[in-house]
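Protein chains: 2
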Amino acid sequence: MFKVNDNYLKLPGSYLFSTIGKKVKAYQEAHPDKEIIRLGIGDVTQPLAPAIIEALHKAVDEMGKAETFHGYAPDLGYEFLRNAIAKNDYADRGCRIEADEIFVSDGAKCDSGNIQEIFSIDNKIAVCDPVYPVYVDTNVMAGRTGVYDPASETWSDVIYMPCTAENDFVPELPRETPDLIYLCFPNNPTGSAITKDQLQVWVDYANRVGAVIIYDAAYEAYISEENVPHSIYECEGARTCAIELKSFSKNAGFTGTRLGYTVVPKDLKSGDVMLHSLWARRHGTKYNGAPYIVQRAGEAVYSPEGKEQLKKQVAYYMNNARVIKEGLQEAGYTVAGGVNAPYIWLKTPEKMTSWEFFDYLLEKANVVGTPGSGFGPSGEGYFRLTAFGSYENTVAALERIKKL
Amino acid sequence: MFKVNDNYLKLPGSYLFSTIGKKVKAYQEAHPDKEIIRLGIGDVTQPLAPAIIEALHKAVDEMGKAETFHGYAPDLGYEFLRNAIAKNDYADRGCRIEADEIFVSDGAKCDSGNIQEIFSIDNKIAVCDPVYPVYVDTNVMAGRTGVYDPASETWSDVIYMPCTAENDFVPELPRETPDLIYLCFPNNPTGSAITKDQLQVWVDYANRVGAVIIYDAAYEAYISEENVPHSIYECEGARTCAIELKSFSKNAGFTGTRLGYTVVPKDLKSGDVMLHSLWARRHGTKYNGAPYIVQRAGEAVYSPEGKEQLKKQVAYYMNNARVIKEGLQEAGYTVAGGVNAPYIWLKTPEKMTSWEFFDYLLEKANVVGTPGSGFGPSGEGYFRLTAFGSYENTVAALERIKKL
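Keeping their order, the protein sequence lines are chains A and B. The numbering of the first sequence is UniProt numbering, which starts it at 1 and goes up by one. The numbering of the second sequence is UniProt numbering, which starts it at 1 and goes up by one.
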């Protein structure tokens, strides 16, 4: 008689954004006349840039002719894309990452969920708190997190590193030594950044204790300050302790187009075993490559026209971030983020819980945000708004919030 | 100090098709003048059909305008595609499968590798032998297969069900009771089919012993005979014991476009737990949907024009299958498959091993096939050729083989 993976049954409730989706849907059905503005889920709204659209059309045409048709892609991704990534995202920033250390995928969510698979089930993870739910949830599903305590909303075998106003949303080194450390900077959900010196401390620590940092750099394109690193490989020694995840979702609007990549340096080893070989094995056995047309679209992100167009797109969203941040401050809220990231992290007013504020904002202003507590216990009393709406909607949402 | 997933280290050698790729590359480099014909990996060569190209262009245009831009897709896939699948692949064949039991993905390889995750690590798998390597390899990576015996090339905790000329390549019910049964019909690699009556025996057996059948129907479009089922849900009782995997790779040439789906009926339960809920949770947590433009391409597969064009494409490949089968028979080989599947499975001549015949064919005829032993111990002494080449190449390859 077959049995299910019991670890799945330990997961409390459903995935955060599914819950929000259901709540919003129920509210909309009960109030069909209300115009809801969504600044909740981190989904972009601007169309794909013209250079990307052009590359897509061209690749589609290629797929329609026998001479230029493309079947299975190379396991790690097409060289034209891996070379563009290696040059633009690494070499040009003085980081030593070779094209064959880059694994092209269908997005950073999948990679951030799958990467734990190449590690032992006995490894202990450390996560920022609050944090993108996928890191912890996928470790729960693998059976790596111990027992859930509903009162504290924490797992017995997870090291939580609180990120609150008290430490400016940058975690301190944990007291207990972890094996895997998930870091995401610029941060989702708090919108905070880490300086190069601060990140170097983590790299040195990981090398010292023999931990691996899984560095999620999905929001790198939003960095506006000089001393904030765009890649963990800007830090010395990162090649022996860090895996980096990158997404095309936020810098190029690929949330519905799906493209990302993971860097596993060949110097990252456990004894004689290269993690690079393990991830290559996973990629080759359980994955079949990103679509050719999407990889061509990814290449266009690095073309001169693509770069220029996407700079404007990022600026558009960051202008929204400014509107949100200033609007909230004007309305008397305590606010963080929004400078190097498209997320604004606000303290809920009058000791409301995060979900109470979610309901309040949905019902009174018809604005959807994300409850901070959905990202972890230290997110309680906080709330996330995203800059990914249209400018018009963002302005309208803030007008509504200011009137509350 | 972090540790790796030791199960990965148990995997012998590298993924079959990577090994073949390396061997062919080495031969080509040593003999740059030789024109190699590839009838090895199951990759298609015909371009995407015009109806699909048109749908792709249209969807790309939508992605370029704010009003019609699409961000994150719904977790399970777009309704337009799930409805088309439910109608065409199930309702029209008299199978009761609802649209919300269909999970759209980026391909059957990923799904067939990931599906084991929702089951207990203690479950015992049964596989046909020979078999598509992904089923066993992904269970090895999960730690479900016990110890590898290099002499017999088998795992201690896997139930192998030999499929050889003796049983016409359809397995007998296993003596030891499995929890998960992987079946693939029309079969890769043997090209054999199963009749509806034969498959009903498996469904009844699975329901009786409490096993789940993971039914890989990737080659369904190639069925030409009347009594061969296109879906396991044509059998009575399959809703309580079977998961079905489908691919767009072989019926529509999506190997480089990436689209597939998995059906998990809501009646399939372990106690109160629906496997549907577990797979939905995995999909929602570790996956982020297939690209919008690719899902629109998938929809076009079911349009009247798409159906007509793809019928011709399948007929084109099946004509190749006929050329291979008849050519080999003419050359004195013993051959199976090629009637309901694009694979031809031949007995190697003069007691050559599968890899010996691989080298022989590569060196003497410059034709690449796949060694049967790469699919499992009972594949030793067999060899697979695929009908996915161009007609011209297929004819040329057979001319070379006949001259040997």
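Cβ atoms here follow ideal geometry from the backbone N, Cα and C, with glycine treated the same way.
Item checked: Same chain, Cβ closer than 7 Å to Ala321 of chain A, five either side skipped, listed in chain order -> Here residue 321 of chain A is taken as the residue at index 321 of the first sequence, counted from 1. Hits under 7 Å: Gly338, Pro342, Ile344 and Ala387.
Check: For chain A, is any of its Cβ atoms less than 9 Å away from the one on Cys184 of chain B?
Finding: Within the second sequence, the letter at position 184 stands for residue 184 of chain B. Closer than 9 Å: no.
Check: Interface residues of chain A around Glu117 of chain B at Cβ under 8 Å?
Finding: The count along the second sequence starts at 1 and reaches residue 117 of chain B at position 117. Asn5 and Met141, listed in chain order.
Next item on the list: Output yes if chain B places a C-beta closer than 9 Å to the C-beta of Thr138 of chain A; else output no.
Entry: As a working note, residue 138 of chain A is residue 138 in the first sequence. Interface residue, yes.
Item checked: Proximity test, Cβ basis, 9 Å: Pro377 of chain B and chain A -> In the second sequence, the residue the question calls residue 377 of chain B occupies position 377. No, Pro377 of chain B does not count as interfacial toward chain A.
Notebook entry, point to check: Applying the criterion that 16 or more other CB atoms from any shown protein chain within 10 Å of the CB defines a buried residue, is residue 405 of chain B buried or exposed?
Noted result: Given that chain B is displayed from residue 1 to residue 404, the structure contains no residue 405 of chain B and the question cannot be resolved.
Next item on the list: Identify every run of the alpha helix (DSSP H) within the region 7-40 of chain A, keeping only runs that are complete inside it and at least 4 residues long; order them along the chain.
Entry: 16-30
Next item on the list: Please go through the same chain and pick out, in chain order, the residues whose beta-carbon is closer than 7 Å to the beta-carbon of Gly191 of chain B, but skip the five residues on each side of it.
Entry: Indexing the second sequence from 1 puts residue 191 of chain B at position 191. So the list reads Ala336, Gly337, Gly338, Ala341, Tyr343, Ile344 and Trp345, once near-sequence residues are dropped.
Check: What is the C-beta distance between Val131 of chain B and Trp155 of chain B, in whole angstroms, given that I count them as a contact (C-beta under 8 Å)?
Finding: Your numbering for residue 131 of chain B matches position 131 in the second sequence. Your numbering for residue 155 of chain B matches position 155 in the second sequence. Not really, about 12 Å apart at Cβ, beyond 8 Å.
Check: Over what stretch of residues does the alpha helix (DSSP H) that includes Val203 of chain B continue unbroken?
Finding: In the second sequence, the residue the question calls residue 203 of chain B occupies position 203. It spans Lys196 to Val209 - the alpha helix (DSSP H) in which Val203 of chain B sits, taken as one unbroken run.
Check: Exposed or buried, which one is Leu278 of chain A when buried takes at least 16 other CB atoms within 10 Å?
Finding: Taking the first residue of the first sequence as position 1, residue 278 of chain A is located at position 278. Label assigned to Leu278 of chain A: buried.
Item checked: Three or more C-beta pairs below 8 Å linking the region 292-301 of chain B and the region 50-66 of chain B -> yes
Next item on the list: Name, please, each residue of chain A whose Cβ falls closer than 9 Å to the Cβ of Ile85 of chain B.
Entry: Translated into the one-based positions of the second sequence, residue 85 of chain B becomes position 85. The premise fails here: Ile85 of chain B is roughly 19 Å from chain A at the closest Cβ pair, so nothing lies under 9 Å.
Notebook entry, point to check: Applying the criterion that 16 or more other CB atoms from any shown protein chain within 10 Å of the CB defines a buried residue, is Val147 of chain B buried or exposed?
Noted result: On the second sequence, position 147 is the one that residue 147 of chain B refers to. With fewer than 16 other Cβ atoms within 10 Å, it is exposed.
Notebook entry, point to check: In terms of alpha-carbon separation, which member of B:Cys235, B:Tyr222, B:Ser18 and B:Lys266 lies closest to Trp202 of chain B?
Noted result: Along the second sequence, read from residue 1 onward, the residue named residue 202 of chain B stands at position 202. Cα-wise, what sits closest to Trp202 of chain B is B:Cys235.
Notebook entry, point to check: How would you call Asn288 of chain B, buried or exposed, if buried means at least 16 neighbouring beta carbons within 10 angstroms?
Noted result: Locating residue 288 of chain B in the second sequence gives position 288, counting from the first residue. Per the 10 Å Cβ criterion, buried.
Note to self: What are the residues in the region 35-46 of chain B lying within 8 Å of chain A by C-beta distance?
What the structure shows: Ile41, Asp43, Val44, Thr45 and Gln46
Note to self: Mapping the DSSP letters down to three states, classify residue 405 of chain A as helix, strand or coil.
What the structure shows: Because chain A is modelled from 1 through 404, residue 405 of chain A falls outside the range shown and cannot be assessed.
Next item on the list: Assign Thr68 of chain B to buried or exposed, taking buried as 16 or more other Cβ atoms, counted over all protein chains shown, within 10 Å of its Cβ.
Entry: Residue numbering aside, residue 68 of chain B sits at position 68 when the second sequence is read from its first letter. Exposed, because fewer than 16 other Cβ atoms sit within 10 Å of the Cβ of Thr68 of chain B.
Next item on the list: Out of A:Ala211, A:Ile232 and A:Asn88, state which residue places its alpha-carbon closest to the alpha-carbon of Thr304 of chain A.
Entry: Looking up residue 304 of chain A in the first sequence gives position 304. Note on identity: in this sequence residue 304 of chain A is Pro, with Thr being the wrong assignment. Taking only the C-alpha atoms, the option nearest Pro304 of chain A is A:Asn88.
Next item on the list: Mind checking which residues open and close the alpha helix (DSSP H) that includes Tyr343 of chain A?
Entry: Position 343 of the first sequence, counted from the start, is the residue given in the question as residue 343 of chain A. From DSSP, Tyr343 of chain A is part of no alpha helix (DSSP H) but of the beta strand (DSSP E) over Tyr343 to Lys347.
Margin query: Please list, in chain order, the chain B residues whose beta carbon lies closer than 8 Å to that of Ile53 of chain A.
Written below: Numbered from 1 along the first sequence, position 53 holds the residue referred to as residue 53 of chain A. By Cβ distance, chain B contributes Val60, Asp61, Met63 and Gly64.
Notebook entry, point to check: With C-beta atoms as the reference, is Pro47 of chain B less than 9 Å away from Ala280 of chain A?
Noted result: Along the second sequence, read from residue 1 onward, the residue named residue 47 of chain B stands at position 47. Along the first sequence, read from residue 1 onward, the residue named residue 280 of chain A stands at position 280. No; because the gap between Cβ atoms is not below 9 Å, this pair is not in contact.
Next item on the list: Would you mind reading off the limits of the alpha helix (DSSP H) that contains Ala315 of chain A?
Entry: As a first step, residue 315 of chain A is located in the first sequence; it is residue number 315 there, counting from the start. Where Ala315 of chain A is concerned, the enclosing alpha helix (DSSP H) stretches over Pro304 to Glu330.
Notebook entry, point to check: How about Ile213 of chain A and Ile181 of chain A: do their beta carbons lie closer than 9 Å?
Noted result: Walking along the first sequence from the start, residue 213 of chain A turns up at place 213. Walking along the first sequence from the start, residue 181 of chain A turns up at place 181. Yes, they are a contact pair.
Next item on the list: On a CA-only basis, which of B:Pro189, B:His31, B:Arg38 and B:Glu244 is nearest Gly374 of chain B? Give me that one, please.
Entry: One-based indexing of the second sequence puts residue 374 of chain B at position 374. Here the closest residue by C-alpha is B:Pro189.
Next item on the list: Can you grab the Cα-Cα spacing for the pair Glu176 of chain B / Tyr8 of chain A, in whole Å?
Entry: To locate residue 176 of chain B, count along the second sequence from 1; it is residue 176. To locate residue 8 of chain A, count along the first sequence from 1; it is residue 8. If you take the alpha carbons of Glu176 of chain B and Tyr8 of chain A, they lie about 28 Å apart.
Checklist line | Where the alpha helix (DSSP H) containing Ser105 of chain A begins and where it ends | finding: As a position in the first sequence, residue 105 of chain A is number 105, starting the count at 1. Per DSSP, Ser105 of chain A belongs to no alpha helix (DSSP H); it is in the beta strand (DSSP E), Ile102 to Ser105.
Next item on the list: Determine the contact status of Thr394 of chain B and Ile324 of chain B, defining contact as a CB-CB distance below 9 Å.
Entry: If you number the second sequence from 1, residue 394 of chain B lands on position 394. If you number the second sequence from 1, residue 324 of chain B lands on position 324. The answer is yes: Cβ separation under 9 Å.
Note to self: Quick check: the Cα distance between Thr285 of chain A and Ser18 of chain B, rounded to an integer number of angstroms?
What the structure shows: Within the first sequence, the letter at position 285 stands for residue 285 of chain A. Within the second sequence, the letter at position 18 stands for residue 18 of chain B. The straight-line gap from Cα to Cα measures roughly 10 Å.
Margin query: To the nearest angstrom, how far is the alpha carbon of Pro74 of chain B from that of Met1 of chain B?
Written below: Here residue 74 of chain B corresponds to residue number 74 of the second sequence, with the count starting at 1. Here residue 1 of chain B corresponds to residue number 1 of the second sequence, with the count starting at 1. When rounded, the distance between both Cα atoms is 39 Å.
Next item on the list: Just tell me which of A:Leu39, A:Val263 and A:Leu328 has its CA closest to the CA of Arg239 of chain A.
Entry: On the first sequence, residue 239 of chain A is found 239 positions in, with the first residue counted as 1. Comparing Cα positions, the closest option is A:Val263.
Notebook entry, point to check: Taking the continuous alpha helix (DSSP H) assigned at Phe80 of chain B, which residues delimit it?
Noted result: By one-based count along the second sequence, residue 80 of chain B stands at place 80. Counting along the chain, the alpha helix (DSSP H) containing Phe80 of chain B begins and ends at Glu79 to Ile85.
Next item on the list: Give a yes or no on whether the minimum CB-CB distance between Tyr233 of chain A and chain B is below 9 Å.
Entry: Walking along the first sequence from the start, residue 233 of chain A turns up at place 233. No, because no Cβ of chain B sits closer than 9 Å to the Cβ of Tyr233 of chain A.
Next item on the list: Can you give me the start and stop residues for the beta strand (DSSP E) that Asp359 of chain A sits inside?
Entry: Against the first sequence, residue 359 of chain A aligns to sequence position 359. First-last for Asp359 of chain A: Ser354 to Ala365, but that is the alpha helix (DSSP H), not the beta strand (DSSP E).
Notebook entry, point to check: Name the chain A residues whose beta carbon is nearer than 7 Å to that of Pro291 of chain B?
Noted result: By 1-based counting over the second sequence, the position of residue 291 of chain B is 291. Result: Gly256, Thr257, Arg258, Pro291 and Val294.
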